[in-house]
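Q:
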Amino acid sequence: MSESETLLKLVQEHLDEFCSTQRQDFSSISDDLAPLVDYTQSLLVGGKRFRALFCYWSWVGHLPGSPSQSSQQKALSAEAMVGIAASLEMFHAAALVHDDLLDQSDTRRGQPAIHKRFESLHSTSGWAGSHERFGVAGSVLVGDLMLGWSSEIFGTALLNAPSAEVSAACRDEFSRMRVEVMAGQYLDVVEENAAITRPVEDAVGRANNVILYKSAKYSIEAPLLIGAAFAGASPDQLRQVSEFGVPLGMAFQLRDDVLGVFGDPAVTGKPAGDDLREGKRTVLVGYTRASLSNSVGKLFDEMLSSRELTNEQVGFLQQTIIGSGALEKVERTITELASQAMAALNRITLEPQAMAHLKSMAEKVINRQA
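Everything in the sequence shown is counted per UniProt numbering, starting at 1 for the first residue and increasing by one.
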């Protein structure tokens, strides 16, 4: 078993044990609380886990070359890193719950989204009231609960931090990550609703700002920074990490946007053109709108705002995006950002094995199909 595989196994075990403890605690209160843990745990199985891996290999890469810790301290630090990585995966799962609700997305990884599961629970139980409202309430509460659990796992892990300074640095990065994600989520919601009232020529800039804070920073940069901070990285080293993490995170999300419009449902686990049905104001859409005449642009906006798009309408929007040159521009931007990220990575002094893993992972997140 490789070092990465061992880490992911330990992270899964950590999350399973944590959920088992929460299940026991909840069972002493009420059996009705079981879905809170069951639905949480369902999101913590599988997935790419690259946030955990970016954090881990950044930590390994920045560890001091000289033996500055005892063997016991090293063991405690390694155990703490598993907890930190697990907390990032819990945070990511929480973000998915809220994101699916805000986007009114019915599926996640080919399975019903959490709010749809709560809707089903309500309807099959024969309860009074609206199953849609119950679905919203349940998913909000589960997402909030998971955010709290993420912080709890993170805080417990930092009890074994090598120093108070390292612990404080990690907490700063984690807190910044939480705030930035919420800011990005809100900007995303605003853009979906306000885009038709704002200048078309500014749409790409606004979309880039959304993906920077909603996804790029928390998906790539923050895990890298937290891992480096836990290794005791200096401010200059953290700056270098950001120079690698931000462009890679942007390239990652732009690839996600392409898959959200053109991805294979059998691979992505979401319907074809799902981002179009959700009315996502992505960079792809921004470039497209900037190239359209007023009349065609108005039709494009009207169709993009409809949650009931037919397959034919999705096909029309896809072809409009391709014909406008937007897809080509985004693919070119992904290539440029990837080159920028790899150049920044090569400027960082890292342990060789960690450098190799980070390069390999960077290539995978850019070229992924799901």
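Think of the CB as a built atom: it goes at the ideal place given N, C-alpha and C, for glycine as much as any other residue.
#1: Can you tell which of 32, 40, 8, 3 has the C-alpha that lies nearest to the C-alpha of residue 18?
#2: For the alpha helix (DSSP H) containing residue 47, list its first residue and its last residue.
#3: Could you give the first and the last residue of the continuous alpha helix (DSSP H) run that contains residue 141?
#4: Report yes if the CB atom of residue 221 is closer than 9 Å to the CB atom of residue 242, and no otherwise.
#5: With H, G and I counted as helix, E and B as strand and the rest as coil, what does DSSP make of residue 307?
#6: Tell me, to the nearest whole angstrom, how far the beta carbon of residue 55 is from that of residue 8; I am working on the premise that it is less than 8 Å.
#7: Could you spell out the range, first to last residue, of the alpha helix (DSSP H) harbouring residue 268?
#8: Taking the alpha helix (DSSP H) that residue 33 belongs to, which residues open and close that run?
#9: List the residues that DSSP assigns as beta-bridge partners of residue 112.
#10: Using alpha carbons as the reference points, say which of 139, 108, 110 lies closest to residue 121.
#11: Report yes or no: do three or more beta-carbon pairs, one from the stretch 309-321 and one from the stretch 336-355, lie closer than 8 Å?
#12: Would you identify the three-state DSSP class for residue 247, choosing helix, strand or coil?
#13: With a threshold of 6 Å on Cβ separation, who are the neighbours of residue 66 within its own chain once the five nearest residues in sequence on each side are excluded?
#14: For residue 14 and residue 145, I'd like the C-alpha separation in whole angstroms.
#15: Any idea if residue 77 is buried or exposed, counting beta-carbon neighbours within 10 angstroms, 16 or more meaning buried?
#16: Give the DSSP-derived three-state secondary structure of residue 366 in the structure shown.
#17: Can you tell me whether DSSP reads residue 9 as helix, strand or coil?
#18: Is any non-hydrogen atom of the ligand MN found closer than 8 Å to the C-beta of residue 81, if you look at the structure I gave you?
#19: Let me make sure I understand the geometry here. Which of 130, 175, 287, 48 has the alpha-carbon closest to that of residue 109?
#20: Expressed to the nearest angstrom, what Euclidean distance is found between the alpha-carbon atoms of residue 205 and residue 281?
#21: Helix, strand or coil for residue 260, going by three-state DSSP, please let me know.
#22: Comparing alpha-carbon positions, which option in 299, 258, 354 lies nearest residue 332?
#23: Do residue 291 and residue 325 have their CB atoms nearer than 9 Å?
#24: Apart from the five residues on each side of it in sequence, which residues of its chain come closer than 6 Å, Cβ to Cβ, to residue 196?
#25: For residue 223, does the count of other Cβ atoms within 10 angstroms reach 16, so buried, or fall short, so exposed?
#26: Which residues in the same chain have their Cβ closer than 6 Å to the Cβ of residue 194, if we skip the five residues on either side of it in sequence?
#27: Would residue 284 and residue 303 be called neighbours here (beta carbons separated by less than 9 Å)?
A: Per the coordinate set shown:
#1: It is 40.
#2: Element bounds for residue 47: n/a, residue is neither H nor E.
#3: 131-157
#4: yes
#5: Coil at residue 307, not helix or strand.
#6: Contact doesn't hold; Cβ gap of about 12 Å is too wide.
#7: 265-268
#8: Per DSSP, residue 33 belongs to no alpha helix (DSSP H) and is neither H nor E.
#9: 107, per the DSSP bridge assignment.
#10: Check the Cα spacing between residue 121 and each of 139, 108, 110: the tightest is with 139.
#11: Touching, no.
#12: helix
#13: In this prediction, residue 66 scores a pLDDT of 46, lower than 50, which makes its location untrustworthy; no coordinate-derived value is stated.
#14: 17 Å
#15: That one is buried.
#16: helix
#17: DSSP places residue 9 in helix when its eight states are reduced to three.
#18: The ligand MN is absent from the structure shown, which contains no ligands of any kind.
#19: 48
#20: 11 Å
#21: helix
#22: 258
#23: yes
#24: Hits under 6 Å: 301.
#25: buried
#26: In its chain, beyond the 5 residues on either side, no residue has a beta carbon closer than 6 Å to the beta carbon of residue 194.
#27: no
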